[in-house]
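In what follows, a structure is listed as structure tokens, so that the remarks can point back to it.
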Amino acid sequence: MAQKILVVDDDPDILDALTMILESQGYEVVTARDGVEGLANLKAEEPDLMILDLLMPKMDGFSVLKELQDPRWSKYKRIPILILTSVREEASRRRYELETGLELGVDDYVEKPMPPEVLLERVEKLINKKKGRG
Amino acid sequence: MISESSIESVAPGYSPEEAALLMRLRVFVTMRWIAILGMLVATLVASQVLDISFPTLPVYLICPVIALYNVVFYFQLRAIAGGEPGTIVHKARMYGNVHIFLDLIALTVLLHFTGGIENPLVFFYVFHIVLASIALHFRVVYVVATGALMMVGLLVGLEYAKVIPHVNLEGFAAPTLYQDGVYILAVLLALAAILYGTTYMATAISGELRKRQRQVVQLGEELLAEKKDELEQVSREKAELTEEKDRFLQFLSIAAHDLKAPLTAIQGFLWVMVGGYAGELTDKQKNMLERSSKRITELLNLISDLLDIPRIETGQILTEMKDVSLKQILRNCLQEQRKVAKEKGLKLTVEIPEQLQRIRGSGPRLQQVITNLVDNAIQYTPEGTITVSVKERRDDIQVEIRDTGIGIPEEDMPHLFDDFFRASNVEVKGTGLGLSISKRIIEAHNGEIWCESPCPETSQGSRFTFTLPKMRKRSRRQR
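Chains E and R, in that order, are what the protein sequence lines are.
Here our numbering is used: the first sequence runs in plain steps of one and ends on residue 499.
Here our numbering is used: the second sequence runs in plain steps of one and ends on residue 1932.
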């Protein structure tokens, strides 16, 4: 069965590009345009991986990560998260720590733009890791 | 006795006037000790050396009495000095008034037993006037002068009228002098002139001094108020500047995001096409798309670099500082660059001591500097070796990047770290901001960066060196 990937990004062109790249490798892609939709799809689709942008309208990536800390979402904790953003990792970590007092708990962090090969490599790694965990 | 330290022991918070009053009253106490000593010495000298004969026992009895109330006064003063500021002037003057009148009585009694009008001691009241005008209210001083005159008048009058006995200083004055009305009158008039004259002069001077002191205090307060206003103004301005800086940084991060977002989308599509994820391309098409993608990358880098400069200059690096391992930073950057160097057939060697002290800095920023320097070295070295060497020195850690490349023309050296500068002997590559940003980053770490070309050790290529100050052991625990 095809692995399902949820991509959350407010830029429709980025969504299209990512979808094309991921689908070419046989992944099933679900998209969302903001954090609220992202969380809804996470619940509905139970994907194998979530690719998350940080700066988005309505509910941003930081808020999504914070929300997932809540015990209500413990069922989805095993789903790995790949942050894909134009924000520098260092700046994001600092902001997240300042706002929530928590460590930025993500499985991988890459800065946009990233070449398709790199993206695919990271995605594969995360999905395999998840499989390994059971 | 009075010492310097007891003057300093006045509790803080006293006005200069209060402090001065306390200090002057302490002079009272000291003067009294000296007076007692003087009386004893004078009596001894008069009776033993000068052979003036008079009963000395009353003198020896008066001295301890004065000493006794002097001790009382000493402790009273100490009690006042330890008390609440603001109440001092009133209390101290009250005690002072009492004591100055005790002094007058003591001197008059002493005078009675040492010859009355015959004794030049009669003019010693002038000391009381001077002391009183130093410390007490000027009206009190006139009262003291009048009191002194009345006491002397009463004493010589009573002796003259033979109501009380007269003691003659045998061998010093004629035994009938105290009955000489004209002489007595002359002495009393002279005494009155001296006492009132001194009172007038001394109170005028000390009054002036006190006025000046108040003016100085007032001036000081005015200046202080002025400075406080200025300080408030400055701190307000500083707060405004900080706010402005925050707004500016906020603006920058929004600008960065909005400028990069469309480019990122374009880049995404270009990569999709180049990677063949959207169907097969002709070689010509692929080549053009690759070149487009490269230009987009250049533009993205330029935006990053341009936005980096104000971020560094507004001191954002300071908020990123933590204890970092330079070894780890080097390992992170050189991993990628080793591959690039190898592809170009270059040797990349690293010399780093086993034990290296951690430093305080921004890991990603230092990584940016090292990456930039090593990238340049790789780019401008057609063949040979690139050496990254780290040395720990007494106050800092020194990092060198040496290459065996084409070097830098001498005329370019002064501008090497300028914004948008590109060396004249190379093709235009990069944004021309790499070295100027590196310099800003190193300087934000309180370090230095410089370049030598040709490298002094090998007489070829170039050598870039930067230093990072070591953490001081003491400040390490503060954060």
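The beta-carbon is built from N, C-alpha and C at its ideal position, and this holds for glycine as well.
Next item on the list: Would you tell me roughly how many angstroms separate the C-alpha atoms of R/Glu1457 and R/Leu1510, rounded to the nearest one?
Entry: Caution applies to R/Glu1457, whose pLDDT of 40 falls short of 50 and renders its modelled position unreliable; the model cannot decide the point.
Next item on the list: Give every residue of the same chain whose Cβ lies closer than 8 Å to the Cβ of R/Pro1469, excluding the five residues on either side of it in the sequence, and list them in chain order.
Entry: Gln1666, Val1669, Val1670
Margin query: Quick check on this structure: which residue in E/Ile386, E/Val373, E/Lys369, E/Ile379 has the alpha carbon closest to the alpha carbon of E/Glu482?
Written below: E/Ile386
Next item on the list: Please list the partners that E/Lys477 has in chain R, where partner means a Cβ-to-Cβ separation under 7 Å.
Entry: Thr1717
Note to self: Counting C-beta neighbours from all protein chains within 10 Å, is the total for R/Ile1487 16 or more, i.e. buried, or is it exposed?
What the structure shows: exposed
Note to self: Please tell me whether R/Val1777 has its Cβ less than 8 Å away from any Cβ of chain E.
What the structure shows: no
Checklist line | Three or more C-beta pairs below 8 Å linking the segment 1836-1846 of chain R and the segment 1877-1896 of chain R | finding: no
Note to self: For R/Gln1790, report the span of its alpha helix (DSSP H) as first-last.
What the structure shows: 1779-1796
Next item on the list: Report yes or no: do the segment 1752-1769 of chain R and the segment 1683-1691 of chain R share at least 3 C-beta pairs separated by less than 8 Å?
Entry: no
Notebook entry, point to check: Buried or exposed: R/Ala1661, going by 16 or more other Cβ atoms within 10 Å of its Cβ?
Noted result: Checking the displayed sequence, the identity of residue 1661 of chain R turns out to be Glu instead of Ala. R/Glu1661 should be labelled exposed.
Margin query: On the criterion of 16 or more Cβ atoms from any shown chain inside 10 Å, does R/His1581 qualify as buried, or is it exposed?
Written below: buried
Check: Touch check for the segment 1554-1562 of chain R and the segment 482-494 of chain E: three-plus C-beta pairs under 8 Å?
Finding: no
Item checked: DSSP beta-bridge partners of E/Val372 -> E/Thr396, E/Ile416
Next item on the list: Closer than 8 Å by beta-carbon distance: list the chain R residues that pair up with E/Arg453, in chain order.
Entry: Pro1817
Notebook entry, point to check: Helix or strand or just coil, what does DSSP make of R/Lys1775?
Noted result: strand
Note to self: Give me the chain R residues within the contact set of E/Ser389, using Cβ-Cβ distance strictly less than 9 Å, ordered along the chain.
What the structure shows: Val1725, Gly1728, Gly1729, Tyr1730, Ala1731
Check: Using a beta-carbon distance below 8 Å, is E/Leu467 in contact with chain A?
Finding: Among the protein chains of the structure shown, namely E and R, there is no chain A.
Margin query: Just to check my reading of the structure: E/Met424 and E/Asp399 have Cβ atoms closer than 8 Å, yes? What is that Cβ distance to the nearest angstrom?
Written below: 6 Å
Checklist line | Residue of E/Val394, E/Ile448, E/Tyr461 minimising C-alpha distance to E/Asp472 | finding: E/Ile448
Item checked: Buried/exposed call for R/Val1725, threshold 16 Cβ in 10 Å -> buried
Next item on the list: Taking C-beta pairs closer than 7 Å, name the residues in chain R that E/Leu417 reaches, listed in chain order.
Entry: Going along chain R, no residue has its Cβ under 7 Å from E/Leu417, so there is no contact; the nearest lies around 15 Å.
Check: Across which residues does DSSP place R/Arg1800 in a beta bridge pair?
Finding: Here residue 1800 of chain R is Lys; the residue named in the question, Arg, does not match the sequence. Per DSSP, R/Thr1838.
Margin query: My parser needs the alpha helix (DSSP H) runs of 4 or more residues fully inside the segment 1488-1543 of chain R; what are they?
Written below: 1510-1534
Notebook entry, point to check: So what does DSSP say about R/Gly1883, is it helix, strand or coil?
Noted result: coil
Note to self: On the criterion of 16 or more Cβ atoms from any shown chain inside 10 Å, does R/Thr1540 qualify as buried, or is it exposed?
What the structure shows: exposed
Next item on the list: Could you tell me the distance, in whole angstroms, from the CA atom of E/Leu469 to the CA atom of E/Lys440?
Entry: 19 Å
Note to self: Using a Cβ-Cβ cutoff of less than 7 Å, which residues in the same chain neighbour R/Ser1745 once the five nearest sequence positions on both sides are dropped?
What the structure shows: Leu1723
Margin query: Determine whether the beta carbon atoms of R/Thr1717 and E/Ile370 lie at a separation below 8 Å.
Written below: no
Margin query: When you compare the CB positions of R/Leu1608 and R/Leu1648, do they come within less than 8 Å of one another, or not?
Written below: no
Note to self: Strictly under 8 Å for the Cβ-Cβ distance: is E/Pro480 near chain R by that measure?
What the structure shows: yes
Item checked: Euclidean distance between Cα positions of R/Arg1929 and R/Asp1776 -> Note on R/Arg1929: pLDDT 45, under 50, position unreliable in the model; no value is reported.
Check: For R/Phe1566, which residues does DSSP report across the bridge?
Finding: None, per the DSSP bridge assignment.
Note to self: Is there a C-beta anywhere in chain E that falls below 8 Å from the one on R/Glu1773?
What the structure shows: yes
Margin query: Nearest by alpha-carbon distance to E/Gly431: which of E/Lys477, E/Pro412, E/Asp376, E/Glu462 is it?
Written below: Looking at the sequence provided, one finds Lys at residue 431 of chain E rather than Gly. Looking at the Cα atoms, E/Glu462 is the closest of the given residues.
Margin query: I want to see whether chain E comes within less than 8 Å of R/His1710, judged by CB atoms only; does it?
Written below: yes
Check: For R/Val1575, which option in R/Ile1587, R/Asn1523, R/Val1562 has the closest C-alpha, if you only look at C-alpha atoms?
Finding: R/Val1562
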